[in-house]
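Undergrad: The structure is given below, and queries will be raised subsequently.
2 protein chains.
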Amino acid sequence: MERMRDWDDLRHFLAVARAGSTLGAARALGVNQTTCARRIAALEAATAMQLFERRQAGYRLTEAGARLLALAERVEQEVRALEGALEAERRMLSGRLRATTNESIANAVLTPFLARFREAYPRIRVEVTITDRALELARGEADVALRAGRQPEAVGVAVRRICHLPWTIYCARDYAMRHGVPTSRAEIGGHAVIGGEGSVAKIAGVRWLEEAAAGVEVVSRSGSLTNMTAAAVAGIGLAALPCMIGDREPALQRCFPPVPGIGGDLWLVVREEARGVPHVRAFLDSLVADLAAVRAMLEGTAPGRD
Amino acid sequence: MERMRDWDDLRHFLAVARAGSTLGAARALGVNQTTCARRIAALEAATAMQLFERRQAGYRLTEAGARLLALAERVEQEVRALEGALEAERRMLSGRLRATTNESIANAVLTPFLARFREAYPRIRVEVTITDRALELARGEADVALRAGRQPEAVGVAVRRICHLPWTIYCARDYAMRHGVPTSRAEIGGHAVIGGEGSVAKIAGVRWLEEAAAGVEVVSRSGSLTNMTAAAVAGIGLAALPCMIGDREPALQRCFPPVPGIGGDLWLVVREEARGVPHVRAFLDSLVADLAAVRAMLEGTAPGRD
DNA sequence: GCTCCATTCTGCATTTCTGCCGAATGAGGT
DNA sequence: ACCTCATTCGGCAGAAATGCAGAATGGAGC
Chain A
1 MERMRDWDDL RHFLAVARAG STLGAARALG VNQTTCARRI AALEAATAMQ
51 LFERRQAGYR LTEAGARLLA LAERVEQEVR ALEGALEAER RMLSGRLRAT
101 TNESIANAVL TPFLARFREA YPRIRVEVTI TDRALELARG EADVALRAGR
151 QPEAVGVAVR RICHLPWTIY CARDYAMRHG VPTSRAEIGG HAVIGGEGSV
201 AKIAGVRWLE EAAAGVEVVS RSGSLTNMTA AAVAGIGLAA LPCMIGDREP
251 ALQRCFPPVP GIGGDLWLVV REEARGVPHV RAFLDSLVAD LAAVRAMLEG
301 TAPGRD
Chain B
1001 MERMRDWDDL RHFLAVARAG STLGAARALG VNQTTCARRI AALEAATAMQ
1051 LFERRQAGYR LTEAGARLLA LAERVEQEVR ALEGALEAER RMLSGRLRAT
1101 TNESIANAVL TPFLARFREA YPRIRVEVTI TDRALELARG EADVALRAGR
1151 QPEAVGVAVR RICHLPWTIY CARDYAMRHG VPTSRAEIGG HAVIGGEGSV
1201 AKIAGVRWLE EAAAGVEVVS RSGSLTNMTA AAVAGIGLAA LPCMIGDREP
1251 ALQRCFPPVP GIGGDLWLVV REEARGVPHV RAFLDSLVAD LAAVRAMLEG
1301 TAPGRD
């Protein structure tokens, strides 16, 4: 035989051999069944050997194929070793990186993540700026930002949607015991309501609550979601909050499922120039992997898209 | 980093690391330089690591890249081992195969090849039918044929051109000493000429010689090129022969370089149905590899296409 | 200082690969 | 006996990878 034309065929060979079918292998590899079948066919053609028997029930290794499997596994083992080394290499990356977000997201997402990230990449120094102002990444004020709400618009940056951020109405558990819980928008009328101030007052969820409570006294106003959360925890009244925040407070409970129409999205914004830099990539990759967990948690409890 | 997306990137990585440039690697791999550059870029993007420094003089490994090289070489080693096993596996192929060709090609090409082939694939039984008749492969009279001349036409077969077969005029060395050597078509007039008979008389080269020698006695006629060769060796006169045959006779010498216009081609014909069968493939692959040597020898001495 | 050469990169055309869809085929369960 | 399910295979359209040609760059040799 000539030299192996495409080492990637071995990856497919292993997957098919293990799954026992091109379909199963395709699922495992995240590709189409046809692709697996074709790569096996290509490998067999290149080597002029029959590696599998085609059956209705799937692909079964021939004797020769089975003998080859062991060898292919050794190749795989070395590839895994290389991947491991690559990972180790990567953990030695160093550099400085400036991230920014608002207080709520910092508390719920970024800060917990940073703890893990520092473990994995001790030589990457991350400086976090927590502010309500949206720093201008394009001007070099920061490299990475996490933003909530509508899709951020800016030039010179790459924007990526992470997940949906459902909102709903929360109240303290002891508030619920004392005053009961509204189970629909109509029942909000009789309750004390915590409102927003400044830019916070403009948030869809906060407006929704104030409008639902039309005529009722707003007992507290705050320009910070964190503050509003604290007010709710203190049992002052109902507050509209992102589930990402409200669910993290053991003292709070949802009044009803996430409200359609008041949710936002979580966006990851990266300065275009910083995007390709290895240690920034490492940060982003880790962050995105970490956010997958947040996403899973939220989507599990979220309604459909609103 | 995620899992390695494409193991074949490692092959390119190795090639570039060794060649020191994407261009050199591309040559080694038989692909385009751009492809190498792009696969390295893809690998670096996937791993978010800089593996090479781009310079005008070429690609140079970074420190991290150099550390990875050793690992990649281990992968390669395992792939080579697998290739070896595959080859060994292949040598255990068994089966029967019928080949056919004419006497000249059998002597010059097929028989010498068969000796080597039997060593490599002891369990494949090859039956050779040497005949001037063109057996009908499509009818199952044989699986593989080697043919000389014009492109064979037939249905149900795959035809592949191996190389050009130059012809020229030969005479025995001692004939040359006794009678001199014609150095052009015009000088043939005074020499004794060996002609063909039957289908051999129709071959372009044989006709060319007889026409060049118009009026001169044809001292011998034979229906077999082998016979004509023997006659030439015996010093009877000049003979038109394919260089493939004439050059193999130490007792013969070329009168002049290959004559444009009288050459043919060597064709490999395979019965369509037999093409995919492993042991036939093994035979064909070996034969083609072997013929590359024949080709190199002939093309080295051949004129341009005629 | 000049040319020549090997190299990299970019934009475009083409080939190749991949995914998707539907049909066919058996096996297994009801 | 029939349905359902998992599987393979073929054709087709879109996507991705590849090759090609040209421009730019910088070093080596004359």
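Which chain is which? The protein sequence lines are A and B, in order.
Counting from 1, position 134 in the first sequence corresponds to residue 134 in my numbering; the numbering is continuous, with no gaps.
Counting from 1, position 52 in the second sequence corresponds to residue 1052 in my numbering; the numbering is continuous, with no gaps.
C-beta atoms are modelled at their ideal positions from N, C-alpha and C, and glycine is treated no differently.
(1) Check the Cβ of residue 90 (chain A) against every Cβ in chain B and list those closer than 9 angstroms, keeping chain order.
(2) State whether the stretch 154-166 of chain A contacts the stretch 176-189 of chain A, with contact taken as three or more CB pairs (one from each stretch) at a distance under 8 angstroms.
(3) Quick one: grab the DSSP three-state call for residue 266 (chain A).
(4) Under 7 angstroms Cβ-Cβ, which residues of chain A neighbour residue 1006 (chain B)?
(5) For the stretch 1220-1229 of chain B against the stretch 1191-1200 of chain B, do three or more pairs of beta-carbon atoms, one drawn from each stretch, fall closer than 8 angstroms, so that the two count as touching?
(6) Give the C-beta separation of residue 1047 (chain B) and residue 68 (chain A) to the nearest angstrom, bearing in mind that I take them to be a contact with Cβ-Cβ under 8 angstroms.
(7) Could I get the ranges of all uninterrupted beta strand (DSSP E) runs contained in the stretch 1073-1115 of chain B, with 3 residues as the minimum, in chain order?
(8) On the three-pair Cβ rule with 8 angstroms, is the stretch 158-173 of chain A touching the stretch 244-264 of chain A?
(9) Helix or strand or just coil, what does DSSP make of residue 1164 (chain B)?
(10) Let me confirm a value: residue 1102 (chain B) is counted as buried when at least 16 other C-beta atoms fall within 10 Å, else exposed. Which label applies?
(11) Go ahead and pull the three-state DSSP assignment for residue 1237 (chain B).
(12) Strictly under 8 angstroms for the Cβ-Cβ distance: is residue 67 (chain A) near chain B by that measure?
(13) With distances taken from CA atoms, which of A:72, A:110 and A:5 is nearest residue 1028 (chain B)?
(14) Taking a Cβ distance cut-off of 7 angstroms, strictly less, list which residues of the stretch 1280-1296 of chain B are near chain A, in chain order.
(15) Give the interface partners of residue 79 (chain A) over in chain B, defined as CB-CB distance under 8 angstroms, in chain order.
(16) Among B:1173, B:1122, B:1217 and B:1097, which residue has its Cα nearest to the Cα of residue 1141 (chain B)?
(17) What is the residue span of the beta strand (DSSP E) that residue 1124 (chain B) lies within?
(18) Just checking my contact of residue 1169 (chain B) with residue 1255 (chain B) at CB under 8 angstroms: how many whole Å lie between their CB atoms?
(19) Secondary structure at residue 304 (chain A), three-state DSSP: helix, strand or coil?
(20) Check each residue of the stretch 263-279 of chain A: if its Cβ is closer than 7 angstroms to any Cβ of chain B, include it; give the result in chain order.
(21) Using a Cβ cut-off of 8 angstroms (strictly closer), state whether residue 1086 (chain B) contacts chain A.
(22) Express the C-alpha separation of residue 1075 (chain B) and residue 1227 (chain B) in angstroms, rounding to a whole number.
(23) Quick one: list the residues of chain B neighbouring residue 251 (chain A), beta-carbon separation under 9 angstroms, in chain order.
(24) Of all Cβ atoms in chain A, is any one closer than 8 angstroms to the Cβ of residue 1186 (chain B)?
(25) Which residue from B:1291, B:1294 and B:1287 puts its Cα closest to that of residue 1118 (chain B)?
(26) Spell out a yes or no on whether the stretch 54-70 of chain A and the stretch 7-17 of chain A are touching, meaning 3 or more CB-CB pairs, one atom from each, closer than 8 angstroms.
(27) Using a C-beta to C-beta distance shorter than 8 angstroms, which residues of chain B count as neighbours of residue 388 (chain A)?
(28) Could you please give me the residues that DSSP links to residue 1271 (chain B) through a beta bridge?
(29) Would residue 1020 (chain B) and residue 1058 (chain B) be called neighbours here (beta carbons separated by less than 8 angstroms)?
(30) How about the stretch 1125-1133 of chain B and the stretch 1235-1243 of chain B: do they share at least three Cβ pairs that are nearer than 8 angstroms?
(31) Note down the Cα distance separating residue 1259 (chain B) from residue 1278 (chain B), rounded to an integer number of angstroms.
(32) Taking only three categories from DSSP, how would you classify residue 1255 (chain B)?
(33) What residues in its chain sit with their C-beta under 6 angstroms from that of residue 276 (chain A), if we drop five residues either side in the sequence?
TA: Reading from the atomic positions:
(1) Residues of chain B whose Cβ lies closer than 9 angstroms to the Cβ of residue 90 (chain A) are, in chain order, 1001, 1047, 1048, 1049 and 1064.
(2) Per the Cβ contact rule, the stretch 154-166 of chain A is not in contact with the stretch 176-189 of chain A (fewer than 3 Cβ pairs under 8 angstroms).
(3) Strand at residue 266 (chain A).
(4) Simply 8.
(5) In this structure the stretch 1220-1229 of chain B lies against the stretch 1191-1200 of chain B, because at least three pairs of beta carbons, one per stretch, are closer than 8 angstroms.
(6) Not quite, the Cβ-Cβ distance comes to about 28 angstroms (not below 8 angstroms), so this is no contact.
(7) Under the rule that a run must span 3 or more residues, the beta strand (DSSP E) segments found entirely inside the stretch 1073-1115 of chain B read 1095-1101.
(8) By the criterion of at least three beta-carbon pairs nearer than 8 angstroms, the stretch 158-173 of chain A is in contact with the stretch 244-264 of chain A.
(9) In the structure shown, residue 1164 (chain B) falls within a strand segment according to DSSP collapsed to helix, strand and coil.
(10) When all chains shown are included, residue 1102 (chain B) counts as buried.
(11) Coil at residue 1237 (chain B), not helix or strand.
(12) Put simply, the CB of residue 67 (chain A) is near chain B, with a gap under 8 angstroms to one of its CB atoms.
(13) In terms of Cα proximity to residue 1028 (chain B), the closest of A:72, A:110 and A:5 is A:5.
(14) Residues of the stretch 1280-1296 of chain B with a C-beta less than 7 angstroms from any C-beta of chain A: 1281, 1282 and 1285, listed in chain order.
(15) Here the neighbours are 1004, 1007, 1010 and 1075.
(16) Selected option, being the one with the closest Cα: B:1097.
(17) Annotation for residue 1124 (chain B): the continuous beta strand (DSSP E) segment containing it runs 1124-1130.
(18) Contact between residue 1169 (chain B) and residue 1255 (chain B) holds: their C-beta atoms lie close to 4 angstroms from each other, under 8 angstroms.
(19) Only weak support is given to the placement of residue 304 (chain A): the predicted model assigns it a pLDDT of 40, under 50, and the question is left unresolved by the model.
(20) With the criterion set as a beta carbon lying under 7 angstroms from some beta carbon of chain B, the members of the stretch 263-279 of chain A are 278, in sequence order.
(21) Chain A contact via Cβ: present.
(22) The straight-line gap from Cα to Cα measures roughly 56 angstroms.
(23) In chain B, no part has a C-beta under 9 angstroms from the C-beta of residue 251 (chain A); the shortest such distance is about 39 angstroms.
(24) For residue 1186 (chain B), no Cβ of chain A is located within less than 8 angstroms of the residue's own Cβ.
(25) Per the C-alpha coordinates, the member of B:1291, B:1294 and B:1287 positioned closest to residue 1118 (chain B) is B:1287.
(26) The stretch 54-70 of chain A vs the stretch 7-17 of chain A: in contact.
(27) No answer is possible for residue 388 (chain A): the residues shown for chain A start at 1 and end at 306.
(28) Its beta-bridge partners are B:1157.
(29) Taking 8 angstroms as the cut-off, the beta carbon of residue 1020 (chain B) is found closer than this to the beta carbon of residue 1058 (chain B).
(30) No, the stretch 1125-1133 of chain B does not touch the stretch 1235-1243 of chain B.
(31) Near 40 angstroms, if we compare the C-alpha coordinates of residue 1278 (chain B) and residue 1259 (chain B).
(32) Three-state DSSP puts residue 1255 (chain B) in coil, outside helix and strand.
(33) Cβ neighbours of residue 276 (chain A) beyond the five flanking positions: none.
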